[in-house]
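**Q** Protein chains in written order, with my numbering: chain A, 1 to 370; chain B, 1001 to 1370; chain C, 2001 to 2370; chain D, 3001 to 3370.
By construction, the Cβ of each residue, glycine as well, lies at the ideal position given by its N, Cα and C atoms.
Number of protein chains: 4
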Amino acid sequence: MAAAPTSHQLAAGAPWSSLPRGGFRALTDSAPASVRFSVGRRRAARLEVKAAGNIFGDYFQVATYGESHGGGVGCVISGCPPRIPLTEEDMQGDLDRRRPGQSRITTPRKETDTCKILSGTYEGMTTGTPIHVLVPNTDQRGGDYTEMAKAYRPSHADLTYDLKYGVRSVQGGGRSSARETIGRVAAGAVAKKILKLKCGVEILAFVSKVHQVVLPEDAVDYEALTLDQIESNICRCPDPEYAQKMIDAIDKVRINGNSIGGVVTCIARNVPRGLGSPVFDKLEALLAKAMLSLPASKGFEIGSGFAGTDLTGSEHNDEFYMDEAGNVRTRTNRSGGVQGGISNGETIYFKVAFKPTATIGVSHSSAENF
Amino acid sequence: MAAAPTSHQLAAGAPWSSLPRGGFRALTDSAPASVRFSVGRRRAARLEVKAAGNIFGDYFQVATYGESHGGGVGCVISGCPPRIPLTEEDMQGDLDRRRPGQSRITTPRKETDTCKILSGTYEGMTTGTPIHVLVPNTDQRGGDYTEMAKAYRPSHADLTYDLKYGVRSVQGGGRSSARETIGRVAAGAVAKKILKLKCGVEILAFVSKVHQVVLPEDAVDYEALTLDQIESNICRCPDPEYAQKMIDAIDKVRINGNSIGGVVTCIARNVPRGLGSPVFDKLEALLAKAMLSLPASKGFEIGSGFAGTDLTGSEHNDEFYMDEAGNVRTRTNRSGGVQGGISNGETIYFKVAFKPTATIGVSHSSAENF
Amino acid sequence: MAAAPTSHQLAAGAPWSSLPRGGFRALTDSAPASVRFSVGRRRAARLEVKAAGNIFGDYFQVATYGESHGGGVGCVISGCPPRIPLTEEDMQGDLDRRRPGQSRITTPRKETDTCKILSGTYEGMTTGTPIHVLVPNTDQRGGDYTEMAKAYRPSHADLTYDLKYGVRSVQGGGRSSARETIGRVAAGAVAKKILKLKCGVEILAFVSKVHQVVLPEDAVDYEALTLDQIESNICRCPDPEYAQKMIDAIDKVRINGNSIGGVVTCIARNVPRGLGSPVFDKLEALLAKAMLSLPASKGFEIGSGFAGTDLTGSEHNDEFYMDEAGNVRTRTNRSGGVQGGISNGETIYFKVAFKPTATIGVSHSSAENF
Amino acid sequence: MAAAPTSHQLAAGAPWSSLPRGGFRALTDSAPASVRFSVGRRRAARLEVKAAGNIFGDYFQVATYGESHGGGVGCVISGCPPRIPLTEEDMQGDLDRRRPGQSRITTPRKETDTCKILSGTYEGMTTGTPIHVLVPNTDQRGGDYTEMAKAYRPSHADLTYDLKYGVRSVQGGGRSSARETIGRVAAGAVAKKILKLKCGVEILAFVSKVHQVVLPEDAVDYEALTLDQIESNICRCPDPEYAQKMIDAIDKVRINGNSIGGVVTCIARNVPRGLGSPVFDKLEALLAKAMLSLPASKGFEIGSGFAGTDLTGSEHNDEFYMDEAGNVRTRTNRSGGVQGGISNGETIYFKVAFKPTATIGVSHSSAENF
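(1) Could you give the DSSP three-state label for A/ASP29: helix, strand or coil?
(2) Once you ignore the five residues that flank B/ASN1270 on each side, which residues in its own chain have a CB closer than 7 Å to its CB?
(3) Could you tell me which chain B residues have their CB closer than 9 Å to the CB of A/ASN54, listed as they occur along the chain?
(4) DSSP has A/VAL213 in a bridge; who is on the other side?
(5) Nearest chain A C-beta to B/GLY1173 closer than 8 Å, yes or no?
(6) D/THR3330 by DSSP, collapsed to three states: which one?
(7) Leaving out five residues before and five after A/ILE182 in sequence, what residues of the same chain have Cβ atoms less than 6 Å from its Cβ?
(8) Whole angstroms are fine: how far does the CA of D/THR3127 sit from the CA of D/ILE3084?
(9) Can the beta-carbon of D/ASN3344 be found closer than 8 Å to that of D/VAL3338?
(10) Using a Cβ cut-off of 8 Å (strictly closer), state whether A/THR347 contacts chain C.
(11) Can you tell which of A/GLY299, A/GLY274, A/PHE350 has its C-alpha closest to the C-alpha of A/TYR222?
(12) Give me whichever residues DSSP pairs with C/SER2297 in a beta bridge.
(13) Using a C-beta to C-beta distance shorter than 9 Å, which residues of chain A count as neighbours of B/HIS1211?
(14) For D/ILE3255, does the count of other Cβ atoms within 10 angstroms reach 16, so buried, or fall short, so exposed?
(15) For the alpha helix (DSSP H) that contains B/CYS1199, what are its first and last residues?
(16) Using 8 Å for Cβ pairs, my map puts D/THR3309 next to D/GLU3319. What's the rounded Cβ distance?
(17) Determine the burial state of B/PRO1240: buried for a count of at least 16 other Cβ atoms within 10 Å of its Cβ, exposed for fewer.
(18) Please report whether the beta-carbon of C/PRO2295 lies at a distance below 8 Å from any beta-carbon of chain A.
(19) Can you grab the Cα-Cα spacing for the pair C/LEU2408 / C/CYS2115, in whole Å?
(20) May I ask you to list the residues that DSSP assigns as paired with B/CYS1266?
(21) Can you tell me whether D/ASP3281 is buried or exposed? The criterion is at least 16 other CB atoms within 10 Å of its CB, across all chains shown.
(22) List, in order along the chain, the chain C residues whose C-beta lies closer than 8 Å to that of D/PHE3354?
(23) Just the C-alpha distance for A/VAL213 and C/PRO2295, rounded to the nearest angstrom, thanks.
(24) Can you tell me which of B/GLU1231, B/GLY1057, B/PHE1056, B/ARG1179 puts its alpha carbon nearest to the alpha carbon of B/GLY961?
(25) Output yes or no for whether 8 Å exceeds the beta carbon distance between A/PHE372 and B/PHE1056.
(26) Measuring only the C-alpha atoms, how far is C/ILE2105 from C/ILE2234?
(27) At the 8 Å Cβ level, is B/SER1335 part of the contact set with chain D, yes or no?
(28) Compare the Cα-Cα distances from B/GLY1305 to each of B/GLN1229, B/GLU1217, B/LYS1355, B/ASN1327 and report the closest residue.
(29) Give the DSSP bridge partners of D/HIS3132, in chain order.
(30) Note down the Cα distance separating D/ARG3046 from B/GLY1124, rounded to an integer number of angstroms.
(31) Please classify C/ARG2097 as buried or exposed, where buried requires at least 16 other C-beta atoms within 10 Å of its C-beta.
(32) What's the gap between the Cα of A/LEU195 and the Cα of B/ASN1054?
(33) Could you tell me whether any Cβ in chain D is nearer than 8 Å to the Cβ of C/ALA2033?
(34) Taking the beta carbon of A/SER372 as the centre, do at least 16 other beta carbons fall within 10 Å, making it buried, or is it exposed?
(35) With A/ILE77 and A/ALA187 assumed to form a contact (beta carbons below 8 Å), what rounded beta-carbon distance in angstroms separates them?
(36) In this structure, how does DSSP classify B/ILE1342 when only helix, strand and coil are distinguished?
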């Protein structure tokens, strides 16, 4: 290390930026209490941040955990208000809808995904304390050493996970697999319950595109859409004609061991006004972050989205009017229920694009765990 | 207030959920230290959270402030590492590029947007302490009372801001206007500097769509794109032919007092591997949140985005290969530089859709402050 | 609702602050696109934040959960680096040390507090994914209705918890009871492991005061203290003579059904330099927050603490010197290992005061759950 | 790098933990889509987190900035509700009380500390947008090179700051000096205003100990204490007799160029019930963190604090009773207004210990910047 400048050098005007970097300083000082010494920097441990990102939310916070191997997957929800009726029944329905193996067009699995609330409720009501939902793993796959012998599967998270953590994703627990969404679904069911109870919010999602089969924009009336219409077929597209086309498209590639992607449309009705903040926590920004954190998602658009860029301002603007109840409404809703980052009471609708699954043309035993 | 259940009632099995809600409890207890009393709940002050969302980031944190009226706009950046060379020059370039009134196709303004670093640097180097960048307001508009007389402008943030805060957005300072992006641009310039210095990252953005003029996907080589190509015309489209078409499109509507939107493509080269985490802080999720927090944004897509849903898995996957240096690379890059939420070293590219400006057909004096 | 001011009134200079509060605005505007209307504010749902505070940490994040009733208590740890050897054995020791009923001087209980790692490890090594540690509840007490019949116990959390949440603390799950510390102890064991492995940090704590029995300051050599010395008696005071006095003091009040408090001293050796930040995240501030979040804690002091206020600056200052290895050391350590909010490598030592347990003179069945 | 195990070795049962660490993997796979390759890890830039800690709060967030050199110090406050009357006057009083040089017993300085609100208010009312308060630096000291020649001053933050940041604290801007408290005081004044307006909270602080002069516990009636009593002398001790003793003690050491420390007692009256959460965000934990983040603080105690450990449970408990208004009150208040981490409506009182200033026996020109 270079010699440190003397006080004379400093007095002569040497800028401090020319001082040797880091840990070496030799200083003199005429005051009796000072000493001449050099500083060797003790090796600080490298406590690098490597695995954040498991917690979502500011007030209603969800910490998910769990992989394919190990005891189970689940979530801990903090910030749920007390006195909300809540039992396993509120979540099991959505967990069943998420579960693979429900039909021939999804990946076959044997997991039952049965959830159990281990804390946070008492006699069917939330207590305000953290809610822990556990879904035990019944179908253990992670111990299969032969998977270690495989190369990184193209477009999978394997390579990047390994580079970052030094651990193979699959053996590491498949945290990048879709099974981690179980915790999200459980927490989402609780959130939906609160929103429904407190504000009457209805949240629905359906498939609007599969491969090149596109549901026309006017085929679905967002104000009248029901869960039954969505659940009326295994593809979850509320229009029977297009649902069949989508199922045909999936069947075609499934037989060939290939995969296809699509788009999911999500709507939220009766959303109270005032959710979201200007600047960094705009409601659409928070939604975008949540959606792009889902496995295989590649795009998000709200309201008129990308198509709205084809319009002029006069064609795009939503005009105000006043309804009989004295509320300010908009005649059209290209905004998608959000203006300036804040919900305006109109129905929120957005779309999420999912790429085709990266796992293709492989046998059952090594298929990505869901 | 209803009578509270007696201990006998409770002993008889009345579930606690049937107890009267909230503040009333009448209890008896035989132990000498206890008393019979009722609890009146003192009125808790309503300290409602209303204006969060001004701070972005976890490690490199940016707090922006400022409106059209008042002393100025700017940002405070926390977490910038020390010893990074930094002066106003590093930021002024981007602030000038942001500024309205640069050409006939943007909104005319007189603000000069000259920035000043008030803390956090010493002799041109960061000190590790918070960096405060201030851009004083020179063109004061907010004090104009006649703006108060206007109705809520359609598709503007006015209505929702008022509903949430009880304050008109314009008089409140125009926090929902584009002028708040000044703080973002300044902080972004600092971030770009750090990334460039430490990792050699290059970040560029250009206009790829204006109204119905769409730059073809193969017109730009992301690996060869330069800032000069982008800055070669007032539209900032690197292809001269399409740039001209875009300028024509803007001119056409400008004359009519109308507005149009478009799409901006952003690329990042030489991104180190390992940025982003699986689950909630996937790199693309963080990018999506940042982009959808920009004024007028309606959509975000990364890599193949929405178009990728037209492909099958075999068509979409990016195959691995090893280059001469021994690095794992991908032959194609439909992933957009991110896999499993973590950067893989390939060029990141994404698109953001912007709706047509809501302010249309109005005179200069009441145009939204930029 | 009062009439809103006309534009004429506004033009005449009425300040906007005199406008009626909240949701009512009547505006006129001569521009053709505007309308006259009034805004009725739709009832926003009151999604009040009531139960935050279950998550600790920024990088190494711990979410605890669990109450006396329900399936169990535990924690989810995010941000643990991968490849740290970790099994239940690493945590069970500390959980056993925490458990009530270990000796006659603590509260008797039947819970075994056996932990199980349900996720985040593979073959005894952490994977970088969230670690879920569960301690099932075996001794169920919360279902006892007779507890509902009791008055608020003086100095307990009952009253405040009820006022805030509308739910009796005991029935709500005893989140304010000491059983929630199980999750903390488990997470603490993991953190200690990391610090030990990466930096050689040793953390020890012992009892230094019980009621009026005070261990003299010079009775313990912080540099030589061992866990065996602490565990050599049921009081966990490393000095046998004072340990006996403390045990006698506890025995005396126990027989009378009373309780006493005390002080715990904690030391950390081999702490790397550089932990903590100036300003708000000073290391001692973070320690203070952690310690004052423990049940029954009433005070925290680090280094010379309150006693240091008896000294002058010249008596208090820690002089620098350089040891043979070339490291800067301090001759004394009144700072307690932290200067300017940042660790300096010297042994950290601090004290936490615990008030006497509020539960006194009651039978076994209603004793506060530990 | 060692040869990676072949698939045969793996199949034979070699645990994955024996695989070479980090970046090297050679894998074979019989499936046609896989390749044999090795992974070299691209050097990730070390974007180490070094300077966090400048932001305080979750809902009402304060970001402070500024050093001795540079344009000024101040803060940006996010989350302040709209429509709170606020002008510079609300803050200047407290800034004047903080300013050094007010009397002979504090450090002499020439800074006027005049603040200016640059954003966040309009016509004297907050708008809900971030409030930026700037206090320009008038007395520039940081450019004095001769300070570079000094050795690390004992017990100062110099050494640790340098070790962590590689930058001398003084030149770096004195972020560890007391001048950074200006931003805190300004933000604190705003917070006090909100609490006063919304809840009628009164917050007062006074000096209760200087060196060995201790104000007796019963000398001050917390319920009757006024600001005038505190401001009645330069020491800010509300008891005239002890105030004089304290001033004498300070004068004695000042003449000798030495320094002494002391204790500040802070009270808060009319605090609404329900502030704070159980577990990690107990109100006293948040207070402790705030107080121990102040420069020179070494201890915090609330309610009975350390002295309470001398009492038994029966002596310590605060008995409940009901007042005429039907509110539950406590006869005594050893809890200090907080039980189970939540405020109970009684007066909060706590003490903070400050060590003697480390800067002693030096001339005016090199005194630590305040």
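**A** So, from the listed chains and residues:
(1) Bear in mind that a pLDDT of 26 at A/ASP29, under 50, signals an unreliable position, so the model cannot answer this.
(2) CYS1199, GLY1200, VAL1201, GLU1202
(3) SER1277, PRO1278, VAL1279, PHE1280, ASP1281
(4) A/VAL210
(5) Only weak support exists for where B/GLY1173 lies, its pLDDT of 42 falling under 50; the value from the coordinates is given anyway. Judged by the 8 Å Cβ criterion, B/GLY1173 is not in contact with chain A.
(6) strand
(7) VAL73, VAL135
(8) 8 Å
(9) yes
(10) no
(11) A/PHE350
(12) C/PHE2354
(13) THR309, ASP310, LEU311, THR312
(14) exposed
(15) 1181-1199
(16) Incorrect: roughly 20 Å between the Cβ atoms, too far for contact.
(17) exposed
(18) no
(19) Not covered by the structure: residue 2408 of chain C. The range shown for chain C is 2001 to 2370.
(20) B/ALA1205, B/PHE1350
(21) buried
(22) THR2309
(23) 60 Å
(24) The displayed coordinates of chain B run from 1001 to 1370. Any statement about residue 961 of chain B would go beyond what the structure contains.
(25) Within the shown structure, residues of chain A are numbered from 1 to 370, placing residue 372 of chain A beyond reach of any answer.
(26) 8 Å
(27) no
(28) B/GLU1217
(29) D/VAL3076, D/SER3119
(30) With a pLDDT of 41 at D/ARG3046, under the threshold of 50, the predicted position of this residue should be treated as unreliable, and no value is reported.
(31) exposed
(32) 25 Å
(33) Here the model assigns C/ALA2033 a pLDDT of 29, short of 50, so the residue's position is not dependable, and the following value carries that caveat. Output row for C/ALA2033: interface = no.
(34) The question about residue 372 of chain A has no answer, for chain A in this structure spans 1 to 370.
(35) 5 Å
(36) strand
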